[in-house]
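Heads up: the structure comes next, in structure tokens.
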Ligand code: 7XF
């Protein structure tokens, strides 16, 4: 084992802090420095030509790769039990470059119905313009997934737990079906993080993240990452669509996400503990009609939740109010400390109304079909003292 670091068998928090970095290589700097450079000087003209030709190793230009970005990729790949990782400018960049690299004109892609709004819009409205056919399937229905394989899809894409309803897809079961049909399975693991759930260990081929959320963890950046086998990740990395669309992550953001990863396990554990208590508190109020949270006893997919996420539910709660949209809006407006904002995975607890915010890009008909109802609110529990969160919530509940 190297003196400076740790090997891939060390625990997740240890790897998130040490893996792949030797201070001796960087003048003793304890943390990986940020490489704020847009270009790199070649030793000679021939050296530069050799790097371009792939005959020598080296850095060329900031849109291609950067040492700070590379360490982030090594650590995230390790956390996701992957061979390789590729960090990008945002979660959406990670998703779109993955799809445009592995999906070609004429291909069919199977996509679950409940997705972050812009992800849905990309699959429903944009890639169809490039000759890719999207088929939306309720992936909680394995028979429907099986039937959909008749279309010989190139790729299967889903989120679990899904944004914003917290419904889950069985990663292992869907991956088994897809593998037989030769389709690549891509799972958006943003809500669970690799601390709670590692889709590649359950048979998925690629994992994507919005690093904007828990990985960064402090609401101060945008970033994304895709992890999987080198065979699938390297074509996205090369001189392919990421470099050609400029979806590269900034070294500054990579640095911040590396800092976030050092506390990822601590934070995710704390998010889960508090969210469970907040969910219980909401569930016992007569003002709420349903509270959907993976470790609550009445969570509809309990067995699957336990299989994929163990005893942690993550930070996100879906909640409905007696009195529908108006009651939900009154609840949001009556909150004091808890802010009304999109995003999640931050230290601050955030609440938002999916139908008019994160999922407003779905048509009302699409939302109605897929269960993203008007009366649903999404709470992303942060890292404040849970007593203070429940005080704010109780006070707001008393006003509606
Ligand atoms: O490009 P981004 O870093 O914003 O990531 C896109 C994305 C990808 N996957 C999931 C599961 C996501 O939730 C997101 C972004 N979601 C934010 C939200 O739901 O609050 C976006 C705010 S409009």
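In the working numbering, the protein residues as written are 92 to 491. Cβ atoms here follow ideal geometry from the backbone N, Cα and C, with glycine treated the same way.
Check, Outcome
"According to the neighbour-count rule (16 or more other Cβ atoms, all chains shown, within 10 Å of its Cβ), is residue 103 buried or exposed?", "buried"
"In the DSSP assignment, what are the bridge partners of residue 246?", "200 and 275"
"Just to confirm the assignment: which complete alpha helix (DSSP H) runs, minimum length 4, are found wholly within the segment 367-454?", "393-400 and 415-425"
"Any idea what DSSP makes of residue 227, helix, strand or coil?", "strand"
"Could you tell me which residues DSSP puts in a beta bridge with residue 315?", "179 and 301"
"Below 8 Å, can you find three or more Cβ-Cβ pairs linking the segment 334-346 to the segment 440-458?", "no"
"Quick check: what's the CA-CA separation for residue 125 versus residue 238?", "49 Å"
"Would you mind stating whether residue 321 and residue 171 have Cβ atoms separated by less than 8 Å?", "no"
"Within its chain, find whatever has a CB closer than 7 Å to the CB of residue 229; leave out the 5 residues flanking it on each side and keep chain order.", "204 and 235"
"Please report how far the alpha carbon of residue 178 lies from the alpha carbon of residue 156, in whole angstroms.", "10 Å"
"Consider the C-beta atom of residue 451 and the heavy atoms of the ligand 7XF; say whether any pair is separated by less than 7 Å.", "no"
"List the endpoints of the continuous alpha helix (DSSP H) containing residue 491.", "Segment: none, residue 491 is in no alpha helix (DSSP H) and carries neither H nor E."
"Within 10 angstroms of the Cβ of residue 127, are there 16 or more other Cβ atoms? Answer buried if so, exposed if not.", "exposed"
"Among 469, 483 and 468, which residue has its Cα nearest to the Cα of residue 475?", "483"
"Looking only at C-alpha atoms, which of 309, 352 and 207 sits nearest to residue 107?", "352"
"How long is the line joining the alpha carbons of residue 456 and residue 134, rounded to whole angstroms?", "60 Å"
"Is residue 183 near the ligand 7XF, going by C-beta to nearest heavy atom under 7 Å?", "yes"
"Pull up the distance between the alpha-carbon of residue 357 and that of residue 306, whole angstroms please.", "12 Å"
"List the DSSP bridge partners of residue 72.", "Beyond the ends of the chain as shown, which are 92 and 491, falls residue 72; an answer cannot be given."
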